[in-house]
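In the numbering used here, the protein residues as written are 1 to 228.
For each residue, glycine too, the CB sits at the ideal point set by N, CA and C.
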Ligand code: GRF
């Protein structure tokens with residue numbers, strides 16, 4: 001299968017920081033490994049490394065600064081999300097990719113983009129929703145950890161699970177070593193799931209996603225996925 005057999009999917013990538021997943025997706029697009037193009041990179045934090053890296057690649061970037069929607073200690077989330085939606089919609093994306101975007105989005109936002117919104121979460125969901133997953137996995141003495149790509153719904157880290165990659169937790173691991181091992185898998189898994197969608201293999205199907213026409217009852221695992 002060659003990527004040029006299908007119309008490239010238009011991606012809006014939302015970031016809040018380093019942007020290593022955005023870069024992995026950008027690389028996969030450029031090298032023709034996935035049938036997609038990044039049409040905008042949006043950050044809610046100015047000056048982050050991911051924005052600079054996207055600019056260097058010549059990608060269109062914009063910052064919708066979250067902090068500028070805060071006044072007298074109150075965050076005006078509807079106004080922030082309205083500005084974010086305007087920026088997203090201006091680029092006419094097929095898919096909106098949350099790649100380390102560190103904000104909880106409202107039900108109105110997730111409903112607006114239902115079936116077009118993906119997130120990557122550093123745990124084997126449904127285990128370890130929320131923040132500080134690597135710390136929590138180490139504290140719990142788990143033997144396995146990993147990463148999940150899922151559709152986003154109103155439930156935090158709770159939408160349909162699409163793809164997962166597992167990594168072992170090794171003796172002597174710390175947060176840095178474990179998160180680096182997880183991130184190597186993130187950079188393979190996220191482009192792959194996007195490519196499944198671009199090729200029509202993975203479909204939202206009103207919230208009961210199907211892969212090759214079969215309803216997904218569990219996320220596809222990277223080792224099986226790379227074989228097929
Ligand atoms: C990743 O670990 C991802 O799983 C989580 O946020 C982090 C973003 O990293 N959602 P980066 O900015 O892509 O390097």
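- The way I'd put it, the region 15-33 doesn't touch the region 197-204; fewer than three beta-carbon pairs between them come closer than 8 Å.
- Contact between residue 118 and residue 84 does not hold, since the beta-carbon distance rounds to 16 Å and is not under 8 Å.
- Beta-bridge annotation (DSSP): residue 208 is not paired with any residue.
- DSSP assignment within the region 40-95 yields the following whole alpha helix (DSSP H) runs of 4 residues or more, N-terminal first: 49-56 and 77-90.
- The C-alpha of residue 98 is placed about 15 Å away from the C-alpha of residue 160.
- Residue pairing from DSSP places residue 119 in a beta bridge opposite 98 and 150.
- Sequence-distant Cβ neighbours of residue 189 in its own chain, meaning closer than 7 Å and more than five residues away, are 147, 149, 163, 165 and 222.
- Between residue 48 and residue 11, the C-beta spacing is not below 8 Å.
- Spatial neighbours of residue 75 in its own chain (CB-CB distance under 7 Å, excluding positions within 5 residues in sequence) are listed in chain order as 69.
- Residue 125 sits away from residue 88, with the two beta carbons spaced by 8 Å or more.
- Burial state of residue 53 is buried, judged by a 10 Å Cβ sphere holding 16 or more other Cβ atoms.
- For the pair residue 193 and residue 205, the Cα-to-Cα distance works out to about 16 Å.
- Between the alpha carbons of residue 173 and residue 134 lies a distance of about 10 Å.
- DSSP places residue 34 outside both helix and strand once states are collapsed to three, so it counts as coil.
- Ligand 1 has a heavy atom closer than 7 Å to the beta-carbon of residue 99.
- Scanning its chain for C-beta atoms nearer than 6 Å, with the 5 sequence neighbours on each side dropped, one finds around residue 60 the residues 40, in chain order.
- If you draw a 10 Å sphere on the C-beta of residue 220, you find 16 or more other C-beta atoms in it, and that means buried.
- For residue 10, DSSP records a beta bridge to 37.
- A straight-line Cα-Cα distance of about 11 Å links residue 66 and residue 78.
- Excluding sequence positions up to five before and after residue 62, its CB lies within less than 6 Å of the CB of 42 and 87, all in the same chain and listed in chain order.
- Judged by DSSP in its simplified three-state form, residue 105 adopts coil rather than helix or strand.
- Here residue 140 is exposed: its Cβ has fewer than 16 other Cβ atoms, across all protein chains shown, within 10 Å.
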